[in-house]
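A.B. asks: Taking my numbering, the leading residue of the sequence shown gets 1, the next gets one more, and so forth. Built from N, CA and C at the ideal position, the CB exists for glycine as well. Since the model is a prediction, treat every value here as computed from it, not as a measurement. The structure under discussion is supplied below as structure tokens; questions concerning it will follow.
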Amino acid sequence: MDEQLLRYFSGELTVTERLELIHHIENDSLLKAEFIRLQNLNAVSQLSSHPTDRNEGIRHFETFASQVKRNAQRKLFVNIVKYAAMAVVLVASTVWATLYLSNTATEPAMNTLYVPAGQRTQITLQDGTEVWLNAQSTLRYPSHFSQRSRDVEITGEAFFNVAKDSKPFIVSTQDIELQVLGTRFNIYSYPDAGYIQTDLVEGSLRILEKRDNNNAILLNPNEKMIYRDNMMTIYPISNPDHILWKEGIYSFQNERLIDIIEKLQLYYDVKIIVENPDTFNTRYTGKFRQRDGIDEILRILQKIQSFRIERDRDNNIIRLI
Numbered sequence: 001m002d003e004q005l006l007r008y009f010s011g012e013l014t015v016t017e018r019l020e021l022i023h024h025i026e027n028d029s030l031l032k033a034e035f036i037r038l039q040n041l042n043a044v045s046q047l048s049s050h051p052t053d054r055n056e057g058i059r060h061f062e063t064f065a066s067q068v069k070r071n072a073q074r075k076l077f078v079n080i081v082k083y084a085a086m087a088v089v090l091v092a093s094t095v096w097a098t099l100y101l102s103n104t105a106t107e108p109a110m111n112t113l114y115v116p117a118g119q120r121t122q123i124t125l126q127d128g129t130e131v132w133l134n135a136q137s138t139l140r141y142p143s144h145f146s147q148r149s150r151d152v153e154i155t156g157e158a159f160f161n162v163a164k165d166s167k168p169f170i171v172s173t174q175d176i177e178l179q180v181l182g183t184r185f186n187i188y189s190y191p192d193a194g195y196i197q198t199d200l201v202e203g204s205l206r207i208l209e210k211r212d213n214n215n216a217i218l219l220n221p222n223e224k225m226i227y228r229d230n231m232m233t234i235y236p237i238s239n240p241d242h243i244l245w246k247e248g249i250y251s252f253q254n255e256r257l258i259d260i261i262e263k264l265q266l267y268y269d270v271k272i273i274v275e276n277p278d279t280f281n282t283r284y285t286g287k288f289r290q291r292d293g294i295d296e297i298l299r300i301l302q303k304i305q306s307f308r309i310e311r312d313r314d315n316n317i318i319r320l321i
């Protein structure tokens, strides 16, 4: 595992190997707990905004790499992360390693930051843009932006506070692309959700379809766009508190319980099977703390809609009967 981690941080793993390693971490409670502890250091944010911390990160990574090589036969992950705790965040693919190798790279290396279920994080990009990532979300961004544009990719949910710049800031997600110069907006784009939603808080936002650049709209503040079945529709924002997720609060306003449950599946990476979906059309308005966890949230929802909970922990399945 130690050699695999070193290859991971050095960007030597294939896409398949990286996914296998991430899957292993997601399914090992000890590794995940250690990742959560490391993530709280917020090293990624410091890395992007302070050159001093950048050099410090490189130094710590070199220490980490040499220590792994000297202890190639050791298999305890805890011994590895002890030497890397101030320098690396697990599952943030090549975040530190890319910096270590970037002096010889001719093209900006792409970093991948992944946030596991039940967590969130924040990062400041090279141009000063702030990005908050929700649970089960992935951000791909370059170590430095090109001379023409600032391009990133998002899967999941993210809030962007885009730094003003003459170069356009372009966010790519699934079938659409968002173009801005300086603005604040939220995007909800989980592949399994069946739709994409963008809420604009400040500035202006141009949204276009990748397959047809002529199909574009301009979003104004306090408007949201929902992309479903290859159609973009604009609505007024009905729940401005939705973006409180970046503060650790999930806010729902007049939403059906069945829709809330679908979001909880994504946030907490658990399969929830509803035996009788028709009985979950009751609408709910309220807020939950992310740290409360799925079990506590379901107990609260039981006070609104009567149902029984069966938990299959071996298969990570919850049945609502």
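Using the Cβ count rule (16 or more neighbours within 10 Å means buried), how would you classify T285?
C.D. replies: That one is exposed.
A.B. asks: Thinking C-beta only, is I237 closer than 9 Å to D332?
C.D. replies: As shown, the chain starts at 1 and ends at 321. That puts residue 332 outside it, with no answer to give.
A.B. asks: Whole alpha helix (DSSP H) runs in the stretch 250-289 with 4 or more residues, listed along the chain?
C.D. replies: List check, alpha helix (DSSP H) in window: 257-268.
A.B. asks: Pairing CB atoms from the stretch 208-220 with CB atoms from the stretch 248-262, are three or more of them under 8 Å?
C.D. replies: With the cut-off at 8 Å, the stretch 208-220 and the stretch 248-262 do not touch.
A.B. asks: On a CA-only basis, which of F159, T138, P168, L139 is nearest S322? Give me that one, please.
C.D. replies: With the chain running from 1 to 321 in the structure shown, residue 322 is simply not present.
A.B. asks: Mapping DSSP to helix, strand and coil, what is L125?
C.D. replies: Note: L125 maps to coil in three-state DSSP.
A.B. asks: What first and last residue would you give for the beta strand (DSSP E) that runs through G156?
C.D. replies: Note, G156: beta strand (DSSP E), 150-161.
A.B. asks: Note down, in chain order, each residue of its chain lying with its Cβ closer than 7 Å to the Cβ of V274, except the 5 sequence neighbours on either side.
C.D. replies: Within the same chain, V274 has close Cβ partners I258, I261, F280, L320.
A.B. asks: Would the beta-carbon of V171 fall within 9 Å of that of R184?
C.D. replies: For V171 and R184, no; Cβs fall outside 9 Å.
A.B. asks: May I ask which residues mark the beginning and end of the beta strand (DSSP E) holding R140?
C.D. replies: Segment 137-142, the beta strand (DSSP E) holding R140.
A.B. asks: Between T138 and Y114, how many whole angstroms is the CB-CB distance? I'm expecting something under 8 Å.
C.D. replies: Contact holds; Cβ gap of about 5 Å.
A.B. asks: Considering D312, what are the terminal residues of the beta strand (DSSP E) in which it resides?
C.D. replies: Looking at the DSSP string, the run of the beta strand (DSSP E) that includes D312 is 309-312.
A.B. asks: In terms of alpha-carbon separation, which member of I309, M110, Y195, E12 lies closest to G156?
C.D. replies: Measuring from the Cα of G156, the nearest candidate turns out to be Y195.
A.B. asks: Quick check: the Cα distance between I318 and E310, rounded to an integer number of angstroms?
C.D. replies: I318 and E310: Cα-Cα distance of roughly 6 Å.
A.B. asks: With burial defined as no fewer than 16 other Cβ atoms inside 10 Å of the residue's Cβ, what is the status of H242: buried or exposed?
C.D. replies: Buried.
A.B. asks: Kindly identify the DSSP beta-bridge partner or partners of T178.
C.D. replies: What sits at residue 178 in the sequence shown is Leu, not Thr. Looking at the DSSP assignment, L178 forms a beta bridge with V171, I207.
A.B. asks: With I300 as the anchor, note down where its alpha helix (DSSP H) starts and where it stops.
C.D. replies: Residues 293-301.
A.B. asks: How many Å lie between P191 and R206 at the Cα?
C.D. replies: The straight-line gap from Cα to Cα measures roughly 21 Å.
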